[in-house]
Amino acid sequence: MLKGIDPILGPELLSTLRAMGHGDEIAIVDGNYPGVEHARRLVRADGLALIPVLNAVLSVMPIDDFVPQAIFRSIVRNDMDKLDPVHAEIIDCCKAHEPEQPVVPLPGPDFYARVKAAHTVVQTAEPRLYANVILRKGVIYPAT
């Protein structure tokens, strides 16, 4: 246990987040996602739902503000406008940490391609479908 660090962030995930550089992306995916097939690096978050993992990651990782879009979510069956409850929860969680960043919906092929290029995939046990999000790491600015 560490002071101020969410215990969901185990040693492997903390090491991964620290090793990532500016512009690297991390995908946090549901239990049905083909993580083993798509991941360059796979971190298991067995027994954990997506939103607590997303919240824990956002509690320590800055989001890229050098680009207009740095947070992405999957969509339901090619419907860019459909918002499942899990998507609303993703948006709310992201807004709590990064209020200026939009959560951009991506169609399946674009989302899959981005996950395959991501630094790391975190596979949760989230049972809800299309419960997937990608975060682009930003920078910690020096104190002025």
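In this text, residue positions in the sequence shown follow our numbering: the first is 84, and each later residue adds one. For every residue, glycine included, the Cβ atom is placed at its ideal position computed from N, Cα and C. Keep in mind it's a predicted model, so treat the numbers as computed, not measured.
Beta-carbon proximity list for residue i, same chain, < 6 Å, skipping 5 on both sides
| i | result |
| --- | --- |
| residue 254 | With the chain represented from 84 up to 227, any question about residue 254 goes unanswered, as that position is not in the structure. |
| residue 194 | 157 |
C-beta contact flag for residue i and residue j at 7 Å
| i | j | result |
| --- | --- | --- |
| residue 222 | residue 110 | no |
| residue 139 | residue 91 | yes |
| residue 206 | residue 118 | yes |
| residue 176 | residue 218 | no |
Continuous alpha helix (DSSP H) stretch holding residue i: start and end
| i | result |
| --- | --- |
| residue 169 | 168 to 180 |
| residue 214 | From DSSP, residue 214 is part of no alpha helix (DSSP H); its letter is neither H nor E. |
| residue 192 | 191 to 200 |
Proximal residues to residue i (C-beta, below 7 Å), its chain only, five neighbours per side dropped
| i | result |
| --- | --- |
| residue 199 | 121 |
Continuous beta strand (DSSP E) stretch holding residue i: start and end
| i | result |
| --- | --- |
| residue 206 | 203 to 207 |
| residue 158 | Neither: residue 158 is in no beta strand (DSSP E) and is coded neither H nor E. |
Neighbourhood of residue i by C-beta, 8 Å cutoff - its chain only, sequence neighbours within 5 removed
| i | result |
| --- | --- |
| residue 191 | 157, 158 and 161 |
| residue 147 | 105, 106, 153, 219, 220, 221 and 222 |
**Length at least 3, wholly inside the region 119 to 148: the beta strand (DSSP E) runs in chain order** = 125 to 128
**Message:** Is it the case that the region 100 to 110 contacts the region 175 to 193, given that we only count it when at least three CB pairs across the two stretches are under 8 Å?
**Reply:** no
**Message:** Within 8 Å, do at least three Cβ pairs link the region 115 to 127 to the region 141 to 152?
**Reply:** Fewer than three Cβ pairs drawn from the region 141 to 152 and the region 115 to 127 lie within less than 8 Å of each other, which leaves the two stretches out of contact.
**Asked** Which ranges does the alpha helix (DSSP H) cover as unbroken runs of at least 4 residues, wholly within the region 93 to 119, from first to last along the chain?
**Response** 94 to 102
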